Each structure stands twice: as structure tokens, then as C-alpha cells.
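Visitor: Okay, here's the structure, questions in a sec.
2 protein chains.
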Amino acid sequence: MSLLITGSIALDTVKTPLEEHTDQLGGSASYAAIAASFFTPVNLVGIVGNDFPKPYLNLYRKHGVNLDGLQIATGKTFRWSGEYEWDMNNRKTLSVNLNVFETFQPTLPAHYRQTPFIFLANISPQLQLHVLSQVKKPKFIVADTMDLWINIAKVPLLALLKKIDCLILNESEARELMKETSLIKAGKALLKRGPKFVCIKKGEHGCLLFGKDLFFSAPAFPLEDIHDPTGAGDCFAGAFAGYLAKAGKVNHQTLRKAVIAGSVIASFNVESFSLNRLKTIKPKDIRARYKSFRQMSHFDVA
Amino acid sequence: MSLLITGSIALDTVKTPLEEHTDQLGGSASYAAIAASFFTPVNLVGIVGNDFPKPYLNLYRKHGVNLDGLQIATGKTFRWSGEYEWDMNNRKTLSVNLNVFETFQPTLPAHYRQTPFIFLANISPQLQLHVLSQVKKPKFIVADTMDLWINIAKVPLLALLKKIDCLILNESEARELMKETSLIKAGKALLKRGPKFVCIKKGEHGCLLFGKDLFFSAPAFPLEDIHDPTGAGDCFAGAFAGYLAKAGKVNHQTLRKAVIAGSVIASFNVESFSLNRLKTIKPKDIRARYKSFRQMSHFDVA
Numbered sequence: 092m093s094l095l096i097t098g099s100i101a102l103d104t105v106k107t108p109l110e111e112h113t114d115q116l117g118g119s120a121s122y123a124a125i126a127a128s129f130f131t132p133v134n135l136v137g138i139v140g141n142d143f144p145k146p147y148l149n150l151y152r153k154h155g156v157n158l159d160g161l162q163i164a165t166g167k168t169f170r171w172s173g174e175y176e177w178d179m180n181n182r183k184t185l186s187v188n189l190n191v192f193e194t195f196q197p198t199l200p201a202h203y204r205q206t207p208f209i210f211l212a213n214i215s216p217q218l219q220l221h222v223l224s225q226v227k228k229p230k231f232i233v234a235d236t237m238d239l240w241i242n243i244a245k246v247p248l249l250a251l252l253k254k255i256d257c258l259i260l261n262e263s264e265a266r267e268l269m270k271e272t273s274l275i276k277a278g279k280a281l282l283k284r285g286p287k288f289v290c291i292k293k294g295e296h297g298c299l300l301f302g303k304d305l306f307f308s309a310p311a312f313p314l315e316d317i318h319d320p321t322g323a324g325d326c327f328a329g330a331f332a333g334y335l336a337k338a339g340k341v342n343h344q345t346l347r348k349a350v351i352a353g354s355v356i357a358s359f360n361v362e363s364f365s366l367n368r369l370k371t372i373k374p375k376d377i378r379a380r381y382k383s384f385r386q387m388s389h390f391d392v393a
Numbered sequence: 092m093s094l095l096i097t098g099s100i101a102l103d104t105v106k107t108p109l110e111e112h113t114d115q116l117g118g119s120a121s122y123a124a125i126a127a128s129f130f131t132p133v134n135l136v137g138i139v140g141n142d143f144p145k146p147y148l149n150l151y152r153k154h155g156v157n158l159d160g161l162q163i164a165t166g167k168t169f170r171w172s173g174e175y176e177w178d179m180n181n182r183k184t185l186s187v188n189l190n191v192f193e194t195f196q197p198t199l200p201a202h203y204r205q206t207p208f209i210f211l212a213n214i215s216p217q218l219q220l221h222v223l224s225q226v227k228k229p230k231f232i233v234a235d236t237m238d239l240w241i242n243i244a245k246v247p248l249l250a251l252l253k254k255i256d257c258l259i260l261n262e263s264e265a266r267e268l269m270k271e272t273s274l275i276k277a278g279k280a281l282l283k284r285g286p287k288f289v290c291i292k293k294g295e296h297g298c299l300l301f302g303k304d305l306f307f308s309a310p311a312f313p314l315e316d317i318h319d320p321t322g323a324g325d326c327f328a329g330a331f332a333g334y335l336a337k338a339g340k341v342n343h344q345t346l347r348k349a350v351i352a353g354s355v356i357a358s359f360n361v362e363s364f365s366l367n368r369l370k371t372i373k374p375k376d377i378r379a380r381y382k383s384f385r386q387m388s389h390f391d392v393a
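Protein sequences, first through last, are from chains A and B. Quick note on numbering: the numbering used here labels position 218 of the first sequence as 309, and the sequence is numbered without any gaps. Quick note on numbering: the numbering used here labels position 222 of the second sequence as 313, and the sequence is numbered without any gaps.
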């Protein structure tokens, strides 16, 4: 089944201690759409300026991403720049220029409105609610968020939680939103705020999936050299939603497999800047790494 | 097969935001010995003062721990006190009084010297080497350590690494000892220093086991209420070594199962102060929690 994805589309300038790359394709929706495209057809909703490079549009197309919901506005594309320390768990944002994204209020194309699976990638909860209000009886809604919205848009964020099926966020965000130091308590507290499932991303420690009668702990892939962590969380969430859309049904079995599919795609993404690694992977690469995940978490009965 | 355990035996005073308990049974060897006793016979090597409470000696005996190597010296038992914050990942040591432990230089009883499995619980690497020099052709040697020894006894610690089969340490210690921010790099670097296997404990994030052609990532049990984290790492390591001694052979399969056995016992231990929870558990409780670990990390083929 197809998957509607909305979020930001940006031109990123990313600096690490070893490399710097300027105006690379980025934004939560870009990462999520390419990640999901390995599993299911994607309907993209977003905005770019008329400076947006054609090769990036072609990359979406090559991955079968439907661009009928992509608005190309007069002006500049959203730009973000950030810098990583030697310990790539630490990042500082250097600049944010919203440009055409500042006034983005999408109207969904008619043929998008019955997309069965929805992924609201990281943008303001107000925009996520705006998009959600235009879709008809979706089967399953996944939403991502970030610390910024917990700080400046907590009320709409809590309203959003009541309308979605699955929330994805990272560990510090989960702790902060629920005011709990224990991730287990934070995960269970979030379930009481609306979503049927909560997925807490823990970076190099993997992730946790919570649901009624469901607790799943997934490892992270043991990468020694991470070139650019930007977009890893967006790739995880996009591939997670994409896998579920492909399965067409959501149950404990498909959810667990979706978490691993998300972890697989995210682990590839950090191996190079922007979407450069995802551009090169093939279905057989995904299958092989999925198998590695099974190998590294398997143990026999007592 | 039997397991020799040496380490500290202490009377602990532990304060949490909700409770305080004085002169409770503690020390790395106490936790490790009781944890291992669920799997295999234990030969304990340690020292206490003549103030050591009889009920604690009886607890060892009840768990079948051989006390022929326990020296009861004139003087006071080693005492430690510490305080946990609301976030129990943070602990501060309030006082340390080595007492009779200060001059501890054990001579192993003759019948201990051919014990096939050895666990050197957390004490100075000099003492660990001293004990090791007295055992004859052990089959498998596991050692634990802590940040203190990395800081004040790095040379003997590195010498120890060349004589053991498996090192167990926590994530900050692994990073510090190898000067690596990546745990994957730290784990692989430690393998080059001598041990065939390295186990990195990550607290609430589970643990990682490294070996040649071996990488295993184990989850932690999702506990909501942790009453006292003291000794969790010692219990993990003791049960890990105890499980291997019971199996009598060390291969990738038994190592993975030993990691889970260690995680199971550690997860029980934090549910109450001192060894109060381990005193109450039965083999069926261990089996049931082991099964939960399988359930929470299982996912199907792609």
C-alpha cells in the first residue's frame, strides 16, 4: 500500500571534523521518502524554492517518489547547516534559513487524500495536524517529532498524539516530554497520551518499541566509522513506515520487522553524507544487513 | 564445573532518594558468588573482619558457596557507603574504609588451585594477578574492573588483559581505557590487548559481546522501578561466569546464553537492596525471565 510523507526538504551544509559538504539534499521528508521507497510507493508533500537542484528532483523520481504534492515556490529552498564534534553524538546547529518553508501550508492533491499509510516526518505539530486534517480514514499514522516542538509547541504536539497510531522520538525527547528519567516509564507514559505504539530511538544503543502487551528491544548495527549521522532518525522512521505500508497490516510481527527494516536503512545512511549511500544500495544489500541484525541479536533457548 | 571467585566483601551503606540501609552485605565477590551459585558450585576467596555478621556467612552457605578460602581476620570488615540521585544512573561514593581488606594477600587453599573456571571480580589488578598466579591451567578466566584501576593501576591492568580470556567492563570504562568515543572501536581495540572476548555493559541499554567473528547485542530487562543498582554489574559478571562454568565449554552459543543469564540475574538484583531479591528467587523465576528476554528481542526473518 502507498505511503504519504510530509516534512521538510532542505539544502544542508554539514561539517564533521574530517569533511564539509555544502547544499546537499536534506530535510526530514527527503530522508524519509528515499528510505521508504525501498519498500513502498511514496506520495511526497513538501515545498522547495526555484533554486532546488534538478538532480535532486531526479533522485526522488528514480526512487519512484510521486512529486504531485511537491510545491516549487518562487524563492529559496529551506537551508540548514550544522557541525559535528569528534564524538558524533554531539551536534551543533550553525544556521537555519526557513526561506519558502516559512509560509508552507500544503493543500493535498485529491488523489493523495486516500493514501492508507501516513508518515508525518519531523515538522511543526501544527503542520502535521494540518496535513492530517486533509486525509480520509487512513489505516495507520506514524509521526516523528523533535525537542524544538516539545519546547515551543507542546500543546499542539500533545493534541497530535491523540490522532496518531505511532509516535517516534529519541530518548532525550521521550524523557523530556514525559519528565521521566526512566525510558521504560517514559515509553509507557507516552502510550497513555494517545498513540497505540511508541518507538524510542537510542542511536548507537538501538531502539525500543512499546505497545499494549508489546515490548521490543532492537540493537543498532555496529558501525565503526560514521561519516554523517544527519538524517539517520528520519531514515529509520521512513523505512519503518514504508515497511508497514508494504506489509499492508500492522501487528506485533510486522511492527518488529519494521523496526529492524528502519534500523537497516538508517545504518546504511550514516555511512556517507546526505543520501549518497542510500543512492547506491540494492535490495540484496538490505536483505544481507537484515540477516546480520538477526545474527547479532540471536540466542538459543535456556 | 566449579568456579573460583575472588573480589571484595563489604558491608555497604546505601542511600537512595527513598530509602537508606546500613551495613548490608555487599562487595563485588558477594554479589558475584550468590549470582553464580544459581548455576554452579562456587569457591570463594576473600577476607572479612571478625565483626562480619553470621547471617551473611549463612547466606553464602545456603547458596552452596565454599568458604574454605574466606579469611576471617581480626579487625573490621571493609565498609563502603554511597548515595544515588533520583536518576539512579548517577551515584556518589560517600566513604570507603578498607579495614582488613587493606593488607589482603590471599593464599589459595590447595583444593582451590585446580578450579577450571575463574572469575576475578572487581578488585585491584595486582590482587587479581596475585590470585591468578596460584591457579593451575584454568580452562577459562573472566575478569571485571572499574574506572579507579584504569586511573591508578593501568600498567598492571594491561598486564592482566594478556592473561585472561574475557574482560567485562562498563561503557564509560571501555571508552576511557581505549581512548575511543565509539564503543564498537573500543571493544575491538580491547580484543587486541589480550582477551579473546570483551563484554561491554551498558546499564539500561543492555550489553555488547565482542570476539573474533562474534558480535552479540543483548537488551536490558525493562524495569520501571529500580530500588538499588548496587552490585548489578557484579551479579551480571558472576552469573555470566557461573553459566559458562555450568556449561563446561565456551563457544559462541554458550557465551550468548551466558550474557542473557547474567542480564537475568542482574535484573532481579536491582529490584531490592543488597542481595535481598536474589535470596528469594527460584530456578523457575530465572527460566521465566530468560524466556522474556527471548520474547523482547525476537523478530522474524525478512
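Here a beta-carbon is modelled for each residue, glycine too, at the ideal position from N, C-alpha and C. For clarity, every value in this text was computed on a predicted model and none was experimentally measured.
Hey, could you find the ends of the beta strand (DSSP E) Arg368 (chain B) is sitting in?
Guide: Taken as a continuous stretch (DSSP letters only), Arg368 (chain B) belongs to no beta strand (DSSP E), as it is neither H nor E.
Visitor: Around the Cβ of His202 (chain A), are there at least 16 other Cβ atoms within 10 angstroms (buried) or fewer (exposed)?
Guide: Exposed, since its Cβ has fewer than 16 Cβ neighbours within 10 Å.
Visitor: Since Lys276 (chain B) meets chain A, which of its residues come closer than 8 Å, beta carbon to beta carbon?
Guide: Going along chain A in sequence order, the residues near Lys276 (chain B) (Cβ under 8 Å) are Glu315.
Visitor: Can you give the Cα-Cα distance for Pro146 (chain B) and Asp304 (chain A), rounded to whole angstroms?
Guide: Computed Cα separation, rounded: 41 Å.
Visitor: Compare the C-beta of Met387 (chain A) against all C-beta atoms of chain B and say whether one is closer than 8 Å.
Guide: Met387 (chain A) counts as touching chain B.
Visitor: Taking the C-alpha atoms as reference points, what is the distance between Gln217 (chain A) and Leu239 (chain A)?
Guide: Each residue's alpha carbon lies about 13 Å from the other.
Visitor: Identify each residue in the stretch 345–364 of chain A for which the Cβ-Cβ distance to at least one residue of chain B is less than 7 Å, and report them in chain order.
Guide: Within the stretch 345–364 of chain A, the residues whose Cβ lies closer than 7 Å to some Cβ of chain B are Arg347, Lys348, Ile351, listed in chain order.
Visitor: Let me make sure I understand the geometry here. Which of B:Trp177, B:Trp171, B:Leu135, B:Leu282 has the alpha-carbon closest to that of Ile163 (chain B)?
Guide: Taking only the C-alpha atoms, the option nearest Ile163 (chain B) is B:Leu135.
Visitor: Hey, which unbroken runs of the beta strand (DSSP E) at 3 residues or more fall wholly within the stretch 262–350 of chain B?
Guide: Complete beta strand (DSSP E) runs here, min 3: 288–292, 298–302, 305–309.
Visitor: How close, in whole Å, do the beta carbons of Leu94 (chain B) and Ala311 (chain B) come, if the pair is a contact with beta carbons under 8 Å?
Guide: Not quite, the Cβ-Cβ distance comes to about 24 Å (not below 8 Å), so this is no contact.
Visitor: Counting Cβ pairs closer than 8 Å, one from the stretch 198–213 of chain B and one from the stretch 165–181 of chain B, do we hit at least three?
Guide: No, they do not touch.
Visitor: Helix, strand or coil, according to DSSP, for Asn157 (chain A) in the structure here?
Guide: Note: Asn157 (chain A) maps to strand in three-state DSSP.
Visitor: Could you tell me which chain B residues have their CB closer than 7 Å to the CB of Phe306 (chain A), listed as they occur along the chain?
Guide: Near Phe306 (chain A) (Cβ distances below 7 Å), the residues of chain B are Pro313, Met387.
Visitor: Which residues does DSSP pair with Trp171 (chain A) in a beta bridge?
Guide: Note: Trp171 (chain A) sits in a beta bridge opposite A:Asp103, A:Val187.
Visitor: Identify the contact partners of Lys293 (chain B) in chain A, using a Cβ-Cβ distance below 8 Å as the criterion.
Guide: Correct list: His296.
Visitor: So if I threshold CB-CB distances at 9 Å, which residues from the stretch 127–150 of chain B count as touching chain A?
Guide: Those would be none; no residue qualifies.
Visitor: Just to confirm the assignment, what range does the beta strand (DSSP E) spanning Ile138 (chain B) have?
Guide: 133–140 is the extent of the beta strand (DSSP E) around Ile138 (chain B).
Visitor: What does a CB cutoff of less than 7 Å around Gly117 (chain B) pick up in its chain, not counting 5 residues either side in sequence?
Guide: If we look at Gly117 (chain B) and ignore the five residues flanking it on each side, its Cβ neighbours are Ala101, Leu102, Asp103, Trp171, Thr321, Gly322, Ser365.
Visitor: Within 10 Å of its beta-carbon, does Ser224 (chain B) have 16 or more other beta-carbons around it, so buried, or fewer, so exposed?
Guide: Exposed, because fewer than 16 other Cβ atoms sit within 10 Å of the Cβ of Ser224 (chain B).
Visitor: Chain A partners of Trp177 (chain B), CB-CB under 7 Å?
Guide: Near Trp177 (chain B) (Cβ distances below 7 Å), the residues of chain A are Thr272.
Visitor: Just checking: is the beta-carbon of Asp376 (chain A) within a distance shorter than 8 Å of some beta-carbon in chain B?
Guide: Not closer than 8 Å to any Cβ of chain B, the Cβ of Asp376 (chain A) fails to qualify, so no.
Visitor: Nearest-angstrom Cα distance between Leu185 (chain A) and Asp114 (chain A)?
Guide: Their backbone Cα atoms lie some 14 Å apart in a straight line.
Visitor: Count the other C-beta atoms from every protein chain shown that fall within 10 angstroms of the C-beta of Val355 (chain B), then say buried if there are 16 or more, exposed otherwise.
Guide: Answer is buried; the Cβ neighbour count reaches 16.
Visitor: DSSP three-state label for Ala120 (chain A), please.
Guide: Ala120 (chain A) falls in the helix class under three-state DSSP.
Visitor: Check for me: the alpha helix (DSSP H) holding Asp178 (chain A) runs from which residue to which?
Guide: Taken as a continuous stretch (DSSP letters only), Asp178 (chain A) belongs to no alpha helix (DSSP H), as it is neither H nor E.
Visitor: Within the same chain, show all residues whose beta-carbon is closer than 8 Å to that of Glu267 (chain A), passing over the 5 residues directly before and after it, in chain order.
Guide: Asp238, Ile241.
Visitor: Tell me which residues share the same chain as Val226 (chain A) and place their Cβ nearer than 8 Å to its Cβ, disregarding the 5 neighbours each side in the sequence.
Guide: Contacts found: Leu95, Leu199, Tyr203, Arg204, Gln205, Thr206, Ile209.
Visitor: Pop quiz: Phe306 (chain B) and Met387 (chain A) are said to be a contact at Cβ under 8 Å. What is the actual Cβ separation, rounded to whole angstroms?
Guide: Contact holds; Cβ gap of about 5 Å.
Visitor: For Lys230 (chain A) and Asp319 (chain A), what's the separation of their Cα atoms in angstroms?
Guide: Going from the Cα of Lys230 (chain A) to the Cα of Asp319 (chain A) covers about 34 Å.
Visitor: Applying the 10 Å Cβ sphere with the 16-neighbour rule, what's the burial state of Ile214 (chain A)?
Guide: Classification of Ile214 (chain A): buried, given that the 10 Å Cβ count is 16 or more.
Visitor: Pro310 (chain A) versus chain B: which residues are under 7 Å apart at the beta carbon?
Guide: Result: Ser308.
Visitor: Please decide whether Asp391 (chain B) counts as near chain A, where near means a Cβ-Cβ distance under 8 Å.
Guide: Yes, its Cβ sits closer than 8 Å to a Cβ of chain A.
Visitor: Report the option in A:His112, A:Asn367, A:His296, A:Arg378 whose CA atom is closest to the CA atom of Ile394 (chain A).
Guide: With chain A covering only 92 through 393, there is no way to say anything about residue 394 (chain A).
Visitor: Give the list of continuous beta strand (DSSP E) stretches no shorter than 3 residues that lie fully inside the stretch 204–254 of chain A.
Guide: Counting only runs of 3 or more, we get 208–211, 231–235.
Visitor: Determine the direct distance from the alpha carbon of Lys276 (chain A) to that of Glu315 (chain B), and round the result to whole angstroms.
Guide: If you take the alpha carbons of Glu315 (chain B) and Lys276 (chain A), they lie about 6 Å apart.
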